[in-house]
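Let me begin by presenting the structure, written as structure tokens, before commenting on it.
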Amino acid sequence: MKSTGQYHMVEERIVLHYVYIFFTAVMLSLGTTDIQGQAVSTISLQDRSATAGIDFVHYAPRPRWCEIGPTVVGSATNEGLSLVFEEEKEYWKSNGRLMTLDEFANVHLIKMNGSGGAWFDYDRDGDWDLYLVNCQGDANVTNALYENLGNGKFIRVENSGAEDDGEGMAVAVADYNNDGYPDLLVTNYGNFKLFQNKGDKTFSDVSKTAFPEGIKDWWYGGSAWGDYDNDGDLDLYITGYVDFSRRPRYSSLRFPMDFGGLPNTLFRNNGDGTFSDVTASTGVLDDASRKSMQVVFNDFNEDRLPDLFVTNDTDANGFYLNRGNGTFKPFSGPSGLSTTDGSMGIALGDFNKDGLTDLIYTNFAAEVNTLATLVDNKSSNDGQLRNA
Numbered sequence: 018m019k020s021t022g023q024y025h026m027v028e029e030r031i032v033l034h035y036v037y038i039f040f041t042a043v044m045l046s047l048g049t050t051d052i053q054g055q056a057v058s059t060i061s062l063q064d065r066s067a068t069a070g071i072d073f074v075h076y077a078p079r080p081r082w083c084e085i086g087p088t089v090v091g092s093a094t095n096e097g098l099s100l101v102f103e104e105e106k107e108y109w110k111s112n113g114r115l116m117t118l119d120e121f122a123n124v125h126l127i128k129m130n131g132s133g134g135a136w137f138d139y140d141r142d143g144d145w146d147l148y149l150v151n152c153q154g155d156a157n158v159t160n161a162l163y164e165n166l167g168n169g170k171f172i173r174v175e176n177s178g179a180e181d182d183g184e185g186m187a188v189a190v191a192d193y194n195n196d197g198y199p200d201l202l203v204t205n206y207g208n209f210k211l212f213q214n215k216g217d218k219t220f221s222d223v224s225k226t227a228f229p230e231g232i233k234d235w236w237y238g239g240s241a242w243g244d245y246d247n248d249g250d251l252d253l254y255i256t257g258y259v260d261f262s263r264r265p266r267y268s269s270l271r272f273p274m275d276f277g278g279l280p281n282t283l284f285r286n287n288g289d290g291t292f293s294d295v296t297a298s299t300g301v302l303d304d305a306s307r308k309s310m311q312v313v314f315n316d317f318n319e320d321r322l323p324d325l326f327v328t329n330d331t332d333a334n335g336f337y338l339n340r341g342n343g344t345f346k347p348f349s350g351p352s353g354l355s356t357t358d359g360s361m362g363i364a365l366g367d368f369n370k371d372g373l374t375d376l377i378y379t380n381f382a383a384e385v386n387t388l389a390t391l392v393d394n395k396s397s398n399d400g401q402l403r404n405a
């Protein structure tokens, strides 16, 4: 490579936007309970991770800058990474191993993203336990389940059966088989996994049997559970993110806008422990060029049917109203959900205590986060929201 004297800047603030906004967890419930199950009327937040025993570390590289040139140089970067460049060669040095810049660029796009987590009572003892997703893609660095001991402290549960070691994105909790115990759906780069709660403080990976049509080797974003057909069991919607592969050779760090999108999928719960892909027949076959991040089921137009809202990165968001006959219709009217092109995480709640669901979704970079309040739609039946 010839000398150009050119600096390729990767600003840390951009990387941090992805890490912290990609899957933002927001709790809007203002009259809620604490981790010990006690009712609270006001919310005051304080970092108690260390004293509570939560020692989870999310692994992801964050390079600050690199110089492209023919001479051997080194620079200090975040989290112990260093750079070495030689003529015709570019290397990242990580944990004592040299990687080409192309190889690192492939890894970095996945690991630059934040991962999700969930509060749920996995052992049904009356207090909230915690599941956290990691994205290292290493058998030694897995997702973590923390059991709430009921005294403000947690203990990491070993050998729970839910220690997924994939490059994780998010987790969604639901009792999909109606046995009274909450189960876990984890989305990863390359697959998604369904962990069935066995009721004895352990989980079983039932992904292959639950999805007999197979699980595609895609980069999956978020997921949501909801009974779209009102048959008494929970169905599943999973978003596809970026059509990204490590196989091509890339000459520099790449970002999501450099790639195409992947389709989203609606799986119908068959009631026998299996799911079927009903995306096309239900009318939610999203434009595959979109890069979807998160999704929620919610009755936005108050007709007692769960609708769908999907956030998309680098494109307009998706909003689908449930027709009540097993199908959805895309809603393109004035919904109050601004057509941003970098939306990330979603959360629901009643922040103004008017009995109607409100929605907040985070946006990337310079786009402001959006808080939308639901208008009383009993007469219009159009799912209208307004920006708060």
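The numbering used here puts the sequence shown at residues 18 to 405. Cβ coordinates follow ideal geometry from the N, Cα and C atoms, glycine included.
For the beta strand (DSSP E) holding residue i, just list the boundary residues, first then last.
i: Ala135; result: 134-137
i: Ala69; result: Unbroken run through Ala69 is the alpha helix (DSSP H), 66-69; no beta strand (DSSP E).
i: Ala179; result: Note, Ala179: premise wrong, no beta strand (DSSP E); not H, not E.
i: Thr204; result: 200-206
i: Asn165; result: 161-165
i: Asp146; result: 146-149
i: Pro446; result: The first residue shown for the chain is 18 and the last is 405, placing residue 446 beyond what the model contains.
i: Phe261; result: Premise fails: Phe261 is in no beta strand (DSSP E) and is neither H nor E.
i: Leu302; result: No beta strand (DSSP E) holds Leu302; DSSP gives it neither H nor E.
i: Thr291; result: First-last for Thr291: undefined, no H or E at that position.
Strictly by DSSP, which residues pair up with residue i?
i: Pro323; result: The partner list for Pro323 (beta bridge, DSSP) is empty, contrary to what the question assumes.
i: Trp434; result: The structure shown does not extend to residue 434, since the chain spans only 18 to 405, so no value can be given for it.
i: Asp250; result: Per DSSP, none; premise fails for Asp250.
i: Asn315; result: Asp324
i: Tyr337; result: Leu325, Pro347
i: Gly185; result: Asn205
i: Val190; result: Leu201
For residue i and residue j, I'd like the C-alpha separation in whole angstroms.
i: Ser298; j: Thr344; result: 7 Å
i: Ser186; j: Ala156; result: The residue you asked about is not Ser; residue 186 is Met in the sequence shown. So the alpha carbons of these two residues sit roughly 16 Å apart.
i: Ala135; j: Ala67; result: 18 Å
i: Asp182; j: Asp371; result: 42 Å
i: Ser224; j: Gly231; result: 9 Å
i: Glu29; j: Leu365; result: Since pLDDT at Glu29 reaches only 31, below the 50 mark, its modelled position is unreliable, and the value read off the structure follows with that caveat. Each residue's Cα considered, the two are about 30 Å apart.
i: Asn329; j: Tyr193; result: 26 Å
i: Phe314; j: Ala227; result: 21 Å
i: Gly207; j: Trp236; result: 5 Å
i: Lys346; j: Phe292; result: 22 Å
i: Pro323; j: Tyr245; result: 6 Å
i: Lys233; j: Phe326; result: 23 Å
i: Leu279; j: Asn168; result: 44 Å
i: Asn281; j: Lys308; result: 9 Å
i: Glu164; j: Asp196; result: 20 Å
i: Thr159; j: Cys152; result: 8 Å
i: Arg141; j: Asn205; result: 27 Å
i: Gln311; j: Gly133; result: 11 Å
If I'm right that residue i touches residue j with Cβ under 8 Å, what's the distance once you round it to whole angstroms?
i: Phe137; j: Val190; result: 4 Å
i: Leu202; j: Phe209; result: 7 Å
i: Thr256; j: Gly238; result: 4 Å
i: Phe220; j: Ala161; result: Wrong, their Cβ atoms sit about 13 Å apart, outside the cutoff.
With residue i as the anchor, note down where its alpha helix (DSSP H) starts and where it stops.
i: Ala297; result: 296-299
i: Ala227; result: 224-227
Against chain C, does residue i count as a neighbour if the rule is that its beta carbon must be under 8 Å from one of theirs?
i: Asn286; result: The chain labelled as chain C is not found in the depicted structure, where only one protein chain is given.
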